[in-house]
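Under the working numbering, think of the first position of the sequence shown as 172, with each following residue one higher.
The block underneath contains the structure these notes are about, expressed in structure tokens.
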Amino acid sequence: MNHRFITFEGIDGCGKTTQLQCTAAWLKSQGYEVSVTREPGDTPLGAEIRHLLLAGEHVPVAEAELLLFLADRAQHVREYIQPALAAGQVVLCDRYTDSTRAYQMAARRLVDEACDLEALLDFAECGVRPGLTLWFDLSLDEALQRMQRREAAGEQATRLDQERQGFHQRVAGAFAELQRQQSQRIRRVDAAASIEEVQQQVRTLLSLHLAGRT
Ligand SMILES: Nc1ncnc2c1ncn2[C@@H]1O[C@H](COP(=O)(O)OP(=O)(O)O)[C@@H](O)[C@H]1O
Ligand SMILES: [Mg+2]
């Protein structure tokens, strides 16, 4: 567990990226050195994997999709996250292993009796686990409205954004279930509030967390 490694999770449109940016600025103003990153695709190799996953010509089967996300993660951890943590930075990451659990495992109903997929997730993390995960809880309807506004402002939807409603319901249900199972690590944020109010909740949770070991 890496105390200064903080992940931001939740369905598309719940406000992760918006909050990550505000949070990084706030932490810097508090004197922390901060690194901001995202999955998939925040290394040169990862950018190619991201393209294959989200905008490529071919649709991977569920197993290949999982493994491509994990390949991106291992590269990201070794090349970017571990060095930043070793340099004493707080690392804020937009999506991490909980997204893989929600999208590639729960929503795709990917199970394998013969293979422990959790062990595979551990392998890809290379020992780097978040000390705190913020789950931005927002209804699918509200998230969809925000996404439509975001698309109107010019941001393109990805292959996963365009999945059916049932898929997104399973993703949302999986995040809620993960939070129940791992309530010490995963903290719920009420993401339906205004950007400022959500940021206030994030600051409260982060202040408590970082004060726990400084
Ligand atoms: N609390 C909020 N209230 C209203 N709109 C928001 C809020 N947070 C983010 N948004 C807007 O909703 C859209 C999706 O937010 P974004 O941060 O991109 O979500 P995510 O990264 O989780 O997909 C953006 O257009 C953003 O400006
Ligand atoms: Mg985002």
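Even for Gly, the Cβ is constructed at its ideal location relative to N, Cα and C.
Going by other Cβ atoms of all chains shown within 10 Å of its Cβ, with 16 needed for buried, is residue i buried or exposed?
i: F179; result: buried
i: L379; result: exposed
i: K187; result: buried
i: V299; result: buried
i: D269; result: buried
i: Q370; result: buried
i: G344; result: exposed
i: T385; result: With a pLDDT of only 41 at T385, under 50, the local geometry of the prediction cannot be trusted, and no value is derived from it.
i: I366; result: exposed
i: A236; result: Per the sequence shown, residue 236 should be read as Glu rather than Ala. That one is buried.
i: H229; result: exposed
i: A324; result: exposed
i: T375; result: exposed
i: E296; result: buried
i: G383; result: exposed
i: P301; result: buried
Find out if the Cβ-Cβ distance for the pair residue i, residue j is shorter than 7 angstroms.
i: L240; j: Q275; result: Contrary to the premise, residue 240 reads as Phe rather than Leu in this sequence. Yes, these two residues count as a Cβ contact at 7 angstroms.
i: P231; j: R221; result: no
i: Y251; j: T214; result: yes
i: D342; j: A273; result: According to the sequence provided, residue 342 is Val. The question's Asp does not apply to it. It is a contact, given that the beta carbons lie within the stated cut-off.
i: G217; j: D243; result: yes
i: L281; j: A347; result: no
i: A314; j: C185; result: yes
So what's residue i in DSSP terms, helix, strand or just coil?
i: T329; result: coil
i: I252; result: helix
i: H174; result: strand
i: P301; result: strand
i: I357; result: strand
i: C264; result: strand
i: D183; result: coil
i: D308; result: strand
i: L381; result: helix
i: V232; result: coil
i: V282; result: coil
i: T375; result: helix
i: S200; result: helix
For residue i, which option in the options has the closest C-alpha, if you only look at C-alpha atoms?
i: Q201; options: D243, Q260, P211; result: Q260
i: T271; options: E228, L331, A218, Q316; result: L331
i: A362; options: A245, L305, A195; result: L305
i: Q246; options: R209, A195, E368; result: R209
i: G181; options: L377, Q340, E219; result: Q340
i: K199; options: V262, E334, V248, E326; result: V262
What number of angstroms, rounded off, separates the C-alpha of residue i from the C-alpha of residue j?
i: A277; j: C264; result: 21 angstroms
i: I357; j: D293; result: 17 angstroms
i: C193; j: F307; result: 14 angstroms
i: L303; j: S206; result: 15 angstroms
i: L381; j: H174; result: 8 angstroms
i: Q319; j: E289; result: 34 angstroms
i: T329; j: G227; result: 10 angstroms
i: L133; j: I177; result: Residue 133 lies beyond the stretch modelled for the chain, which goes from 172 to 385, so this question has no answer here.
i: Q372; j: R321; result: 23 angstroms
Flag residue i as yes when its Cβ comes closer than 6 angstroms to any non-hydrogen atom of ligand 3, and as no otherwise.
i: K199; result: Ligands displayed in this structure: ligand 1 and ligand 2; ligand 3 is not among them.
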